Amino acid sequence: KDLGEWIGASSRGLFNFPPNVRPVPLEIHIQGVDILSFEARMQAMTKPTYTAIVQHAKNKKPAIVFVPTRKHVHLTAVDLLEYSHFDNTQSPDFLFGNPEELEPFVSQVCEKTLKETLRHGIGYLHEGLSSLDQEIVTQLFEAGRIQVCVMTSSLCWGTPLKAHLVVVMGTQFYDEQENSHSDYPISDLLQMMGRGSRPLLDNAGKCVIFCHAPRKEYYKKFLYEAFPVESHLQHFLHDNFNAEAVARVIENKQEAVDYLTWSFMYRRLPQNPNYYNLLGVSHRHLSDHLSELVENTLSDLEVSKCIEIDNELDLSPLNLGMIASHYYISYTTIERFSSLLTSETKMKGLLEILTSASEYDSIPIRFGEEEKVRRLINHQRFSFDNPKCTDPHVKANALLQAH
Numbered sequence: 018k019d020l021g022e023w024i025g026a027s028s029r030g031l032f033n034f035p036p037n038v039r040p041v042p043l044e045i046h047i048q049g050v051d052i053l054s055f056e057a058r059m060q061a062m063t064k065p066t067y068t069a070i071v072q073h074a075k076n077k078k079p080a081i082v083f084v085p086t087r088k089h090v091h092l093t094a095v096d097l098l099e100y101s102h103f104d105n106t107q108s109p110d111f112l113f114g115n116p117e118e119l120e121p122f123v124s125q126v127c128e129k130t131l132k133e134t135l136r137h138g139i140g141y142l143h144e145g146l147s148s149l150d151q152e153i154v155t156q157l158f159e160a161g162r163i164q165v166c167v168m169t170s171s172l173c174w175g176t177p178l179k180a181h182l183v184v185v186m187g188t189q190f191y192d193e194q195e196n197s198h199s200d201y202p203i204s205d206l207l208q209m210m211g212r213g214s215r216p217l218l219d220n221a222g223k224c225v226i227f228c229h230a231p232r233k234e235y236y237k238k239f240l241y242e243a244f245p246v247e248s249h250l251q252h253f254l255h256d257n258f259n260a261e262a263v264a265r266v267i268e269n270k271q272e273a274v275d276y277l278t279w280s281f282m283y284r285r286l287p288q289n290p291n292y293y294n295l296l297g298v299s300h301r302h303l304s305d306h307l308s309e310l311v312e313n314t315l316s317d318l319e320v321s322k323c324i325e326i327d328n329e330l331d332l333s334p335l336n337l338g339m340i341a342s343h344y345y346i347s348y349t350t351i352e353r354f355s356s357l358l359t360s361e362t363k364m365k366g367l368l369e370i371l372t373s374a375s376e377y378d379s380i381p382i383r384f385g386e387e388e389k390v391r392r393l394i395n396h397q398r399f400s401f402d403n404p405k406c407t408d409p410h411v412k413a414n415a416l417l418q419a420h
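Number 327 in my numbering belongs to position 310 of the sequence shown; there are no gaps in the numbering.
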């Protein structure tokens, strides 16, 4: 509602659609697994995943299973294969048609495990597969020759595949930066669910979500009720103000405060004050909070030499700020480049400075990837002494040199 009012939508233009009003209605089942250990919980989800495929993808309808990592792709595919072997049903395998007709495709596959699972109707996809293997799995699944495809959650945005059934096997991934397991972004989860839709082929799709038991009510509330949206502007305000100062939209501190009053964040401040570290919701509290936010943000930009503040009031963009705005570079990155780069900087130093940019903070470090990064960096022209291979900046350096 707040978001709709902010963009100027009337009450008649505000909608909250449940999953069953999609072009292909989506039937959603959420199951909680009450096991604390992440790996043990993932293992415990395998049999229910197999059961979900047997129950909800009857008559050989296709199914996609999303898992967090490449390791889980392999483990899940093999486990599903074993469960199908021990199943007492008349047709336990997930293969369509004659196995001999599949062999010309399987013989081209490079990965040994994938060859075995494909022969029983189970394919899998992850970023580490060769392009040929990925192409073969995709073709076989789209042609309806195999029933099940297991893939990493990150492929939900890139894969063209759709299925009658989608199983989200776990809603968390290992976040190397936090050194803990974090929930999938909501946008990723919605994208995975959206793969359970085959227009013109199905009257309805199905999605089964397995999650940690304490999170079950959260996902039920999110999927079936209006979910509040909060602003993250306060986390990116420096670069926002810098760009507006360069564009001359903001020319003094008062205009910066006025600018914030037009933001979605301003609408949410009195609605959820604790989220924004607000002490109260009176007009005075709001005014003081915005003034402090503007003062601190502009002070940081001045220290980083992106802007200049004249008479403690008027703003003027400086060269570093204009460069950062033009190339969409963070103010911390341009400050770092400016302070470290000299005319005598050698190539090794240049690479280290370049890959220290805050933009590389979000490069994913997958579980168990450290050794691969270490081998890669040690075989480059500019290696490290005792590299911290869980650092995304070290990985960025290795990839840039190997490119």
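Yeah, the Cβ is synthetic: ideal placement off N, Cα and C, and Gly gets one too. None of these values were measured; they are calculated from a predicted model.
Whole angstroms is fine: what's the gap from Met161's alpha carbon to Pro79's? Stepping through the sequence shown from its first residue, residue 161 is reached at position 144. Stepping through the sequence shown from its first residue, residue 79 is reached at position 62. Checking the sequence, you will find Gly at residue 161 rather than Met. Near 7 Å, if we compare the C-alpha coordinates of Pro79 and Gly161.
Whose C-alpha, out of Lys412, Ser197 and His91, is nearest the C-alpha of Leu146? As a first step, residue 146 must be located in the sequence shown, where it is residue number 129. Nearest C-alpha to Leu146: His91.
Name the residue from His420, Gly49, Val167 and Cys224 whose alpha carbon lies nearest to the alpha carbon of Tyr235. Sequence index remark: in the sequence shown, residue 235 carries index 218 (1-based). Of His420, Gly49, Val167 and Cys224, the smallest CA-CA separation from Tyr235 is found for Gly49.
Keeping to the same chain, check which residues put their C-beta closer than 8 Å to that of Lys238; ignore five residues upstream and five downstream. Taking the first residue of the sequence shown as 1, we reach residue 238 at position 221. Phe244, listed in sequence order.
State buried or exposed for His46, treating a residue as buried only when at least 16 other CB atoms are found within 10 Å of its CB. For the purposes of this step, residue 46 is taken as residue 29 along the sequence shown, with counting starting at 1. Its Cβ having fewer than 16 others within 10 Å, His46 is exposed.
Extract the residue ranges of the beta strand (DSSP E) inside the region 34-70, only unbroken runs of 3 or more that lie entirely within it. The qualifying runs are 43-50.
Are the CB atoms of Ile340 and Leu358 nearer to each other than 8 Å? The residue labelled residue 340 in the question sits at position 323 within the sequence shown. The residue labelled residue 358 in the question sits at position 341 within the sequence shown. No; because the gap between Cβ atoms is not below 8 Å, this pair is not in contact.
Hey, Lys270 and Val320 are a contact pair by Cβ (cut 8 Å); roughly how many whole angstroms apart? Residue 270 sits at position 253 when you count from the first residue of the sequence shown. Residue 320 sits at position 303 when you count from the first residue of the sequence shown. Incorrect: roughly 16 Å between the Cβ atoms, too far for contact.
How do the region 183-190 and the region 199-206 stand: do at least 3 beta-carbon pairs fall below 8 Å, yes or no? In short, these stretches touch, since the Cβ pair count reaches three.
Using beta-carbon positions only, say whether Val165 and Phe83 come within less than 8 Å of one another. On the sequence shown, residue 165 is found 148 positions in, with the first residue counted as 1. On the sequence shown, residue 83 is found 66 positions in, with the first residue counted as 1. No, the pair does not count as a contact, with Cβ atoms beyond the cut-off.
Tell me which residues share the same chain as Arg353 and place their Cβ nearer than 6 Å to its Cβ, disregarding the 5 neighbours each side in the sequence. By 1-based counting over the sequence shown, the position of residue 353 is 336. The same chain holds no residue with a CB closer than 6 Å to that of Arg353 once the five nearest residues on each side in sequence are set aside.
So which of Pro404, His410, Met364 and Thr350 has the shortest CA-CA distance to Tyr377? Walking along the sequence shown from the start, residue 377 turns up at place 360. Closest in alpha carbon position to Tyr377, among Pro404, His410, Met364 and Thr350, is His410.
Would you identify the three-state DSSP class for Glu325, choosing helix, strand or coil? Looking up residue 325 in the sequence shown gives position 308. The three-state reading of DSSP puts Glu325 in strand, counting E and B together.
Leaving out the 5 sequence neighbours to the left and right, which residues in its chain are closer than 7 Å to Ala61 when beta-carbon positions are compared? Residue mapping note: residue 61 aligns to position 44 of the sequence shown, counting from 1. Excluding sequence neighbours, Ala61 sits near Val50 and Ile52.
Can you tell me which of the three DSSP states Gln271 falls into? Here residue 271 refers to the residue found at position 254 of the sequence shown. Correct three-state label for Gln271: helix.
Cβ neighbours of Ala94 in the same chain (closer than 6 Å, five flanking residues each side left out): Reading the sequence shown from its first residue, position 77 is the one you call residue 94. Sequence-distant Cβ neighbours of Ala94 in its own chain, meaning closer than 6 Å and more than five residues away, are Thr134, Ile139, Tyr141 and Val167.
One question on the structure: do Thr169 and Glu144 come within less than 8 Å of each other, judged by their Cβ atoms? As a position in the sequence shown, residue 169 is number 152, starting the count at 1. As a position in the sequence shown, residue 144 is number 127, starting the count at 1. Contact: yes.
Stretch-stretch touch, CB-based, cutoff 8 Å, three pairs: the region 248-268 with the region 64-74: Result no; under three Cβ-Cβ pairs closer than 8 Å.
Let me make sure I understand the geometry here. Which of Gln156, Cys228, Ile267 and Ser148 has the alpha-carbon closest to that of Glu56? The residue labelled residue 56 in the question sits at position 39 within the sequence shown. Looking from the CA of Glu56, the closest CA among Gln156, Cys228, Ile267 and Ser148 belongs to Cys228.
Distance between beta carbons of Thr350 and Asn414, contact taken as under 8 Å: Taking the first residue of the sequence shown as position 1, residue 414 is located at position 397. Taking the first residue of the sequence shown as position 1, residue 350 is located at position 333. The beta-carbon separation of Asn414 and Thr350, rounded to 15 Å, does not stay under the 8 Å limit for a contact.
Is the beta carbon of Asp150 sitting closer than 8 Å to the one on Val123? Within the sequence shown, the letter at position 133 stands for residue 150. Within the sequence shown, the letter at position 106 stands for residue 123. Note that the C-beta distance between Asp150 and Val123 is not below 8 Å.
CB Phe113 to CB Ile81, shorter than 8 Å? The sequence position of residue 113 within the sequence shown is 96, counting from 1. The sequence position of residue 81 within the sequence shown is 64, counting from 1. Here Phe113 is not near Ile81, since their CB atoms are 8 Å or more apart.
My parser needs the alpha helix (DSSP H) runs of 4 or more residues fully inside the region 237-288; what are they? Listed in chain order, the complete alpha helix (DSSP H) runs (minimum 4 residues) inside the region 237-288 are 254-263, 270-278 and 281-285.
Enclosing alpha helix (DSSP H) for Phe354 [first to last residue]: In the sequence shown, counting from the first residue as 1, residue 354 sits at position 337. Phe354 -> alpha helix (DSSP H) spans Tyr348 to Leu357.
Taking 8 Å as the limit between beta carbons, can you name the residues of its chain near Gln208, skipping five residues before and five after? Against the sequence shown, residue 208 aligns to sequence position 191. Within the same chain, Gln208 has close Cβ partners Cys173 and Trp174.
Could you check the C-alpha separation between Arg383 and Lys179 for me, to the nearest Å? Taking the sequence shown and counting its residues from 1, one reaches residue 383 at position 366. Taking the sequence shown and counting its residues from 1, one reaches residue 179 at position 162. Inter-residue distance for Arg383 and Lys179 is about 26 Å (C-alpha atoms, whole angstroms).
Grab me the residues of Asp205's own chain with a C-beta within less than 7 Å of its C-beta, minus the 5 sequence neighbours each way, in chain order. The residue given as residue 205 occupies position 188 in the sequence shown. For Asp205, the CB contacts under 7 Å within the same chain, skipping 5 residues up- and downstream, are Ser170 and Cys173 in chain order.
Whose C-alpha, out of Gly21, Lys365 and Gly385, is nearest the C-alpha of Asp402? As a position in the sequence shown, residue 402 is number 385, starting the count at 1. Residue Lys365 is the option with its Cα nearest to Asp402.
In the structure shown, what three-state DSSP assignment does Asp8 receive? This structure leaves residue 8 out entirely; the chain is present only between 18 and 420.
Assuming Phe281 and Leu318 make a contact with CB atoms under 8 Å, what is their CB distance in whole Å? Counting from one through the sequence shown, the residue named residue 281 turns up at place 264. Counting from one through the sequence shown, the residue named residue 318 turns up at place 301. The Cβ separation is near 22 Å, so there is no contact.
Closest Cα partner of Glu247 within the set Leu131, Ser400 and Asn291: Here the question's residue 247 lines up with position 230 in the sequence shown. Ranked by Cα distance from Glu247, the first of Leu131, Ser400 and Asn291 is Asn291.
Where does the unbroken alpha helix (DSSP H) through His343 begin, and where does it stop? As a first step, residue 343 is located in the sequence shown; it is residue number 326 there, counting from the start. Start and end: Asn336 to His343.
Cys408: buried (16+ other C-beta within 10 angstroms of its C-beta) or exposed? Taking the sequence shown and counting its residues from 1, the one referred to as residue 408 is at position 391. First, the residue type needs correcting, since residue 408 is Asp and not Cys in the sequence shown. Counting other Cβ atoms within 10 Å of its Cβ, Asp408 reaches 16 or more and is therefore classed as buried.
CA-CA distance, Ala419 and Arg391? Locating residue 419 in the sequence shown gives position 402, where the first residue counts as 1. Locating residue 391 in the sequence shown gives position 374, where the first residue counts as 1. Using only the alpha carbons, I get a separation of about 13 Å.
Could you tell me which uninterrupted alpha helix (DSSP H) segments, each at least 4 residues in length, are contained entirely in the region 64-103, listed from first to last along the chain? Counting only runs of 4 or more, we get 87-103.
Check the DSSP bridge columns for Thr227 and list the partner residues they point to. One-based indexing of the sequence shown puts residue 227 at position 210. One point to set straight first is that residue 227 is Phe, not Thr, in the sequence displayed. According to DSSP, which records beta bridges pairwise, Phe227 is partnered with Gln48 and Met186.
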